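Sequential numbering from 24 applies to the sequence shown in my numbering.
Note that beta-carbon positions come from the ideal geometry of N, C-alpha and C, so glycine has one too.
Values in this document were obtained by computation on a predicted structure and should not be read as measured data.
One structure below.
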Amino acid sequence: MTAGFELLTEYAVFAGRLADAARAETMPRFRAGQEVSNKAGIWFDPVTDADREAERAVRRMVNAVYPRHGVIGEEFGAEREDAEFRWIIDPVDGTRAYVCGVATWATLIALESRGRPVIGLIDQPFSDERWLGHGGRANYRRRGVESACRTSGVKDLKRARLSTTDPRREAYFTGDEAEAFAAIAARTQVARFSLDAYAYGLLALGEIDLVVESSLKRHDYSALAPVVEGAGGVITGWKGEPLGEDKRGRVLAAASPELHEAALEILRGV
């Protein structure tokens, strides 16, 4: 079954309901001194009750309303992974920001059809900002006011505003990747760090022009593509391939095809 416009619209409305359910779990716990656990043994990969309870709330709704749909989440893995429609959930993207009280974290919700993301939602509850991409368009809503998203259209690296989550070697980038990122950063106008998925929302608004990342997982990037592309941007792997084909989780998002190609020229050899 191919998802038609009416069905996608129905699912897009439902994605908003899922984000509302996640908000009900994340907002009361934000800046509330909750306990933090470390998922990783060596480096700091935090998880909180907000992550877990938000994902549980989303899963309950999907299972109740669309029991044949698959659900894949950061905290609790996959259910019905072979389903035609699959909801991809990152309940708190940017948990490090969340536990530090910094409002650049977001809830990410995507719907895939036959493995391709057809709906993407980025939700920042604290600032009441929400981006929704589907059907080749992207909208932005803040405090009840909705508008269409459009990237800046910047074409040249020297005019570009760049973002990555953490530029430090071995944080997310390997040595060669860190050098490639530094080469891009040296050619851009300004670079800002630690924005996580919020950077992609800002790219869709025309505030950020270029995002370069590595070590992302499916729940990190699935929701981003419909938003970035719906706003007129380009998002791929570091060699220009579709998201998900690079097993190293490398993502390049740009405000225009020209800017994307300029960045690819530097990244392709890594």
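Taking the alpha carbon of residue i as the point to measure from, which residue in the options has its own alpha carbon closest?
i: E252; options: S175, D189, L30; result: S175
i: A126; options: Q147, I111, S237, A35; result: Q147
i: E137; options: A161, R109, G159; result: For the record, residue 137 in the displayed sequence is Arg; it is not Glu. If we check each option's Cα against that of R137, R109 comes out closest.
i: R46; options: A73, Y34, R182, T32; result: A73
i: Q57; options: A44, R75, A42, L41; result: R75
i: D31; options: A194, D189, E135, A44; result: Going by the sequence as given, residue 31 is Leu instead of Asp. Checking every option, the nearest Cα to that of L31 belongs to E135.
i: L185; options: V122, R215, D199, L282; result: R215
i: T118; options: F53, E169, S170, A246; result: F53
i: V88; options: F99, E230, D151, V36; result: V36
i: I145; options: G27, E264, D43; result: D43
So, using beta-carbon positions, are residue i and residue j closer together than 8 Å?
i: P90; j: A248; result: no
i: A206; j: I258; result: no
i: A77; j: W154; result: no
i: R173; j: G255; result: yes
i: T297; j: V122; result: Examination of residue 297 is not possible in this model, given that the chain is present from 24 through 293 alone.
i: A183; j: V177; result: yes
i: I111; j: A80; result: no
What does the Cβ neighbour count give for residue i, buried or exposed, with the cut at 16 atoms within 10 Å?
i: V85; result: buried
i: P280; result: exposed
i: G124; result: exposed
i: V94; result: buried
i: M24; result: Note that M24 has pLDDT 45, beneath the 50 cutoff, so the model's placement of it is unreliable and the number below is only indicative. Exposed is the call here.
i: G96; result: buried
i: E152; result: buried
The region 258 to 278 contacting the region 233 to 240, beta-carbon criterion three pairs below 8 Å: yes
Uninterrupted alpha helix (DSSP H) stretches inside the region 244 to 277 (no shorter than 4 residues): 247 to 253
Unbroken stretches of the alpha helix (DSSP H), 4 residues or longer, contained in the region 93 to 155: 118 to 122
Sufficient close CB pairs (3 or more, under 8 Å) joining the region 127 to 134 to the region 215 to 222: yes
Ordered list of alpha helix (DSSP H) runs contained in the region 173 to 221, each at least 4 residues: 198 to 208
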